[in-house]
Amino acid sequence: MTQPLWQRTIRPFGAAALHGIASYGDRLLAIDKVKGYLLQIDPVSDNTTILNWQTAEEFVDVTGIAVWEDTLWCTRDDTVYYCQWGEFKLKPFVTLPYTADGVAVWRSTIYITCQKAGYILIFDSNTGGQITRFFAPGVGIENITVKEEHLWVCDRTEQTVYCLDRATGDIQFSVLTPFECPTGLTFYTQPQTNETLLYVAYASEEAYIRDNPNLDPSHELTYRDRTFIHPLQYHYNSQGHYALSNGYAIEMVYAEELSPLDEVDLEQVEWRIALPASTDRQKVVHVEPIGLPFTEEIQDGQRVAVFKFDHLTTGDRHLFGWKAIVEVRSIKYRIAPREVENIPPLPPEFAQRYLVDDDELAMESYIVRRAAREAIGNETNILRQMYSIRNYVYDQLSYGIKPHIDTPDIVLDRGVGSCGEYVGVLLALMRLNGIACRTIGRYKCPPSAEHQQVPLQPDFNHVWVEFYLPGLDLWLPMESNPDDVVEQGPYPARFFMGLAWYHIEIGKGISFETVKSNGVPLNKEEVSIGDLAINHIRFTILHELPPVKS
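Following this line, the structure appears as structure tokens:
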């Protein structure tokens, strides 16, 4: 059966690192930065032709391309070049003070992305003069294309595609890409159906195990180029203030294998495990028990699987949990600070629940209260406060995995934290500043969308946070630490008010897993869930979801 174009990955033959791409008739064009090949690609068959077969060396390190009528435009180092189609001998158009990353053309207007300058620079092709400039929407290296009244920009670090008004540069909405390191983008119209797709190129490296007969043992870890082109789906919901992008149907299994480490003798045991939630980006299609049956309850609006045991002793062995089919897409909210300038006060019931220290947050300690003041300074806008708190925590902490979770005062003093400790500090600083927030998690599917129908195991559990906007009545997601990727910023905002498709939302604002005996929670000092059982988590990416219908 022929794979529909909206889910087909294009893997050009012989390509090492695709960067700029463009549409040309019924074919795609792509530049291989490493080899200097200008490639013509059939998106249906991957058939690949080198067009500049006599001038490939001249195109090495080209990162952006665009075509307008019979002229090819490209960027290399600090210069924008052009050449006649078929000739492929580059002539300089303009040289910038910094590296020119990407280029797009609309009639006589040339759009150039430049990370070092922090702008999209706009030139007139007739005069060679600069017309104006727009702020770059992200912090990473960006490429660009144009379609009618909009500019479309992909950012490698942000893993995001932005839609900008071509006249003003204002961001209309943005979407997360399903893969890391987007390096080029273009719109392509399929000639038979007139279906228009937004294609995005990706280029990075991947680790793999190589069989090296010169070694004993013969296997070694090494790296290889990873590059391809994939359609980017997008759907903007203006009323909901969010945009959805590519999604996948995922089977998730969470099971506990009862195997006590020490002597235990528990009566009337109730073991509760939260189930996946239904949200704007996540649909629960099916849930079924693993091993033993459970009853389902609703706790604070969240679905929970409840397993009951009359008696648990040291020698008991059980396997129990759930398997769920969920359809998950990436989501990115777009709310400007001006939209929340005059929001109503937090409802009392929210303050009573989401502004309190209910999880050893050390909110009364001096170091945490001082950090809460320093984080926001004199800022009063809730979105700017949230952004400032996030950046403050990223400035103060470096990421490190630990076997247990320390309280925020200890973490701030130490300056190193795991994702759970980042969450604790974020919660404490937000709540002390009157921002309602809660935890969410608990696992991420390994972000390997190309590995479908293959069981995958996550390396770690994971948690992040949601904060509440009164007035708009929205809970907005924010990652705990994956955007803390550079020392002292600027930090990407890809997961500020956004989640990638591989985040599985489970148990919003409630404990993921709890155990009671005779109606009383287990004393963690005496026996913990980790002492009683071994958890097993498995993900299987089933297939890519079709585009959202408008």
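Straight run, no breaks: the sequence shown in the working numbering ends on number 556. Cβ atoms here follow ideal geometry from the backbone N, Cα and C, with glycine treated the same way.
H292 and Q121 have their C-alpha atoms spaced approximately 45 Å apart.
Sequence-distant Cβ neighbours of D401 in its own chain, meaning closer than 8 Å and more than five residues away, are Q494, G495. In this structure, the CA atom of T15 is about 26 Å from the CA atom of L227. Annotation for S336: the continuous beta strand (DSSP E) segment containing it runs 325-339. DSSP places M484 in the uninterrupted beta strand (DSSP E) bounded by 480-484.
Three or more Cβ pairs drawn from the stretch 21-29 and the stretch 37-52 lie within less than 8 Å of each other, which places the two stretches in contact. The distance from the Cβ of N252 to that of E550 is about 7 Å, consistent with a contact at the 8 Å cut-off.
Ranked by Cα distance from E380, the options I395, M369, I411 are led by I395.
Under the Cβ criterion (8 Å, minimum of three pairs), the stretch 314-329 counts as touching the stretch 257-267. Put simply, of L127, E273, V422, G31 the residue whose alpha carbon is nearest the alpha carbon of G406 is V422. Judged by DSSP in its simplified three-state form, I349 adopts coil rather than helix or strand. The three-state reading of DSSP puts V111 in strand, counting E and B together. For E294, same chain residues with a beta-carbon under 6 Å away, outside a window of 5 residues either side, are K329 in chain order. In this structure, S336 keeps its C-beta atom at 8 Å or more from the C-beta atom of V167. Here DSSP, grouped into helix, strand and coil, assigns M436 to helix.
No residue range can be given for D48, since it is assigned to no beta strand (DSSP E) and is classified by DSSP as neither H nor E. Counting along the chain, the unbroken alpha helix (DSSP H) around P414 starts and ends at 414-420. Distance from the Cα of L538 is smallest, within the candidate group V521, E211, L221, for V521. According to the DSSP assignment, Y398 belongs to the alpha helix (DSSP H) that extends over 388-402. With a contact defined as Cβ atoms closer than 8 Å, T61 and L45 miss out at about 14 Å. If you look at R375, you'll find it in the alpha helix (DSSP H) that goes 372-382. Scanning the stretch 182-226 from its first residue to its last, the whole beta strand (DSSP E) runs of 3-plus residues come out as 188-195, 202-217. By the Cβ neighbour-count rule, Q165 is buried, with 16 or more other Cβ atoms within 10 Å of its own.
Counting of Cβ neighbours within 10 angstroms places G92 among the exposed residues, the total staying below 16. When secondary structure is reduced to three states using DSSP, Q245 falls in the coil class, being assigned neither helix nor strand. Boundaries for L551: no beta strand (DSSP E) harbours it, and the DSSP string shows neither H nor E there. Residue pairing for T101: DSSP places it in a beta bridge opposite T85.
The three-state reading of DSSP puts W12 in helix, counting H, G and I together.
The three-state reading of DSSP puts Q60 in coil, since its state is none of H, G, I, E or B. Contact check for I116 against P143 fails: the beta carbons are separated by 8 Å or more.
Per the coordinates, the alpha-carbon of H324 lies some 19 Å from the alpha-carbon of A280. Between F193 and H236, the C-beta gap is not smaller than 8 Å, which leaves the two residues out of contact. Under the criterion of beta carbons closer than 8 Å, H457 and I547 qualify as touching, at roughly 6 Å. Across the set A499, V491, D364, the C-alpha of D364 shows the shortest separation from the C-alpha of L438. Cβ-Cβ distances below 6 Å link G477 to I349, P350 in the same chain, with the five nearest sequence neighbours on each side left out; the list follows chain order.
One thing to note: I27 has its Cβ no nearer than 8 Å to the Cβ of G134.
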